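What follows is one structure encoded as structure tokens, with my remarks underneath.
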Amino acid sequence: MSKSILANRIGKTLFNIAKENDVLSLVDNDLTESSKAILKEDSFITLMNNPNISKEKKCQIIDKSFENVNKYVRNAIKILANNLNIKLIEDVVEVFNNMNNIFNNRLVAKVESVYELSDDELSRLATTIKQLFNLDEVAIENVIDESLIGGLKISYNGKVIDASIKGKIQELQQKLATL
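Right under this line is the structure:
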């Protein structure tokens with residue numbers, strides 16, 4: 000089974016189970032925190048991806064290491080470890096978050112700008128995006144990218160709206176190249 004298929008299946012299943020059991024918020028938090036903990040510990044990743052360690056031993060280690068984590072999240076971690084793909088936890092988080100955001104009519108957008116946007120600018124941008132996409136909630140991460148020269152570049156759900164000067168210049172260069 001390919002890595003992306005495994006991550007998709009686990010992320011979707013985890014979301015559906017969490018929704019059915021009314022623990023979306025808890026699973027969301029536990030999954031995010033567990034992923035951060037796993038990804039910062041290279042020795043844990045190496046241990047979980049070691050084919051010489053039995054599945055039972057890995058499950059014991061996970062149960063002990065994540066004893067305060069929701070059982071659904073622990074089970075997802077066990078599946079990844081038993082498939083020697085513990086680093087896929089990052090992809091599982093992405094799939095889960097995408098489904099959770101859709102379910103909650105929420106959008107998380109990365110907004111790149113030349114300078115840090117003020118709270119007022121971020122608020123107005125969030126309001127505009129809410130109205131444009133008929134959303135209940137918008138979360139914006141402002142990233143500084145001076146190479147944009149001016150304007151904004153908004154990324155969300157794998158899509159990009161490039162309203163930067165750099166983007167306009169690149170678009171113009173492409174048009175000129177086809178003449």
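Mapping the sequence shown onto numbering that gives the first Met the number 0, position 84 (from 1) lands on 83, and the numbers just tick up by one. Idealized CB from N, CA, C, for every residue including glycine. None of the values given here were measured: they were computed from a predicted structure.
A direct Cα-Cα distance of roughly 18 Å separates Val-91 from Asp-41. Lys-167 is positioned such that its CB atom lies no closer than 8 Å to that of Val-159. If you look at Tyr-155, you'll find it in the beta strand (DSSP E) that goes 150-155.
Here Ile-37 carries a helix assignment [DSSP, helix/strand/coil].
By the criterion of at least three beta-carbon pairs nearer than 8 Å, the segment 96-114 is not in contact with the segment 77-85. Scanning Leu-116, Ile-88 and Lys-165 for the CA closest to the CA of Lys-11 turns up Ile-88. When the beta-carbon positions are compared, Asn-84 and Asp-29 stay at least 8 Å from each other. Here the alpha carbon of Thr-127 sits roughly 19 Å from the alpha carbon of Val-142.
Contact check for Leu-13 against Tyr-71 passes: the beta carbons are separated by less than 8 Å. Within its own chain, the residues whose Cβ lies closer than 6 Å to the Cβ of Ile-164, once the five positions on either side in sequence are excluded, are Ile-148, Gly-149 and Gly-150, listed in chain order.
Leu-38 and Thr-45 have their alpha carbons spaced roughly 11 Å apart. In the three-state reduction of the DSSP assignment, Glu-66 falls in the coil class. A buried status is given to Asp-27, since no fewer than 16 other beta-carbon atoms sit within 10 Å of its beta-carbon.
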